Amino acid sequence: MAEAERIIGTPDTPEDSGERAEAPARRTGRGRRIAVLFAVAVFAYALDLGSKLLVVAKLEHHAPIQLVGDLLELHAIRNPGAAFGFGAAFTIIFTVIAAAVIAVIIRLARKLYSTPWAIALGLLLGGALGNLTDRIFRAPGVFQGEVVDFIAPRGFAVFNLADSAIVCGGILIVLLSFRGLDPDGTVHKD
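So in our numbering, spot 88 of the sequence shown is number 96, and the numbers just go up one at a time.
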């Protein structure tokens with residue numbers, strides 16, 4: 009048994025002393041990546057929450073504010089559905105999906121050794137938390153709340169900073185996947 013473990017190794021027992029020296033450093037690196045993930049998530053969440061509080065207090069029930077001529081305006085709306093107002097009757101399903109995404113990201117964080125993946129997952133986590141907060145705490149009720157959207161480019165859907173964080177995190181994940189970088193820090197060439 010000891011010989012088999014020596015040849016193939018075990019996840020908890022490095023094969024040689026060189027690997028033993030690397031194990032604590034790798035764990036510390038993971039800790040830093042997890043800290044990056046949560047720092048990005050907190051930053052994205054705080055920006056989203058702060059912007060929504062400001063929009064509800066100062067912009068809701070008022071005329072839109074033109075920012076860049078007629079190309080971009082701030083226009084407060086409540087969105088019970090997903091992107092582009094799709095699925096307004098399925099608010100509870102979007103709430104469950106957001107909660108599931110958060111749980112998956114937190115679970116994946118245990119195996120995280122890549123800073124770019126930490127940033128991408130942090131953006132997703134912060135955005136999902138921002139919209140989930142609306143779904144839980146805003147009218148018309150718990151798990152049926154409408155998301156506050158306010159960024160309105162001409163000819164495009166109205167969105168918020170949480171949506172932006174989710175899209176940026178998703179784009180970063182696609183780019184990392186195309187480059188072959190995995191969340192555990194390994195690079196594969198297909």
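All C-beta atoms, glycine included, are put in the ideal place defined by N, C-alpha and C. These numbers were taken from a predicted model, which means no experiment stands behind them.
In the DSSP assignment, what are the bridge partners of Leu189? Val195
Which complete beta strand (DSSP E) runs does the region 119–184 hold, if anything under 3 residues is left out? 155–161
Thinking just about the alpha-carbon of each residue, which of Gly95, Asn87, Leu137 and Ser122 is nearest to the one in Ala111? Leu137
Would you mind reading off the limits of the alpha helix (DSSP H) that contains Ala111? Thr99 to Leu116
Considering only the alpha carbon of each residue, which of Thr103, Ser122 and Pro161 lies closest to Ala84? Pro161
Expressed to the nearest angstrom, what Euclidean distance is found between the alpha-carbon atoms of Phe46 and Glu68? 31 Å
What residue range does the beta strand (DSSP E) around Leu80 cover? Leu80 to Asn87
What does DSSP give as the partner residues of Ile73 in its beta bridges? Leu82
Sequence-distant residues of its chain with Cβ nearer than 8 Å to Leu82 (five each side left out): Val63, Leu67, Pro72, Ile73, Leu75, Phe158, Ile159 and Ala160
For Glu30 and His196, I'd like the C-alpha separation in whole angstroms. Note on Glu30: pLDDT 45, under 50, position unreliable in the model; no value is reported.
Round the Cβ separation of Leu129 and Gly177 to the nearest angstrom and send it over; I've been treating them as touching at under 8 Å. 7 Å
Reference Thr123; option with closest CA among Leu61, Ile181, Val155 and Leu55: Ile181
Using the C-alpha atoms, what's the distance from Leu116 back to Val50? 17 Å
Relative to the C-alpha of Gly193, which candidate in Tyr121, Arg86 and Ser59 has its C-alpha closest? Tyr121
Please state whether the Cβ-Cβ distance between Ile113 and Leu131 is less than 8 Å. no
Decide if Pro32 is buried, meaning its Cβ has at least 16 other Cβ atoms within 10 Å, or exposed. The predicted model places Pro32 with a pLDDT of 46, which falls under 50 and marks its position as unreliable, so this point remains unresolved.
Distance between Arg40 and Ala91 (C-alpha atoms, nearest Å): 33 Å
8 Å Cβ cutoff met for Leu169 and Leu55: yes
With 16 as the cutoff for other CB atoms within 10 Å, does Asp78 come out buried or exposed? exposed
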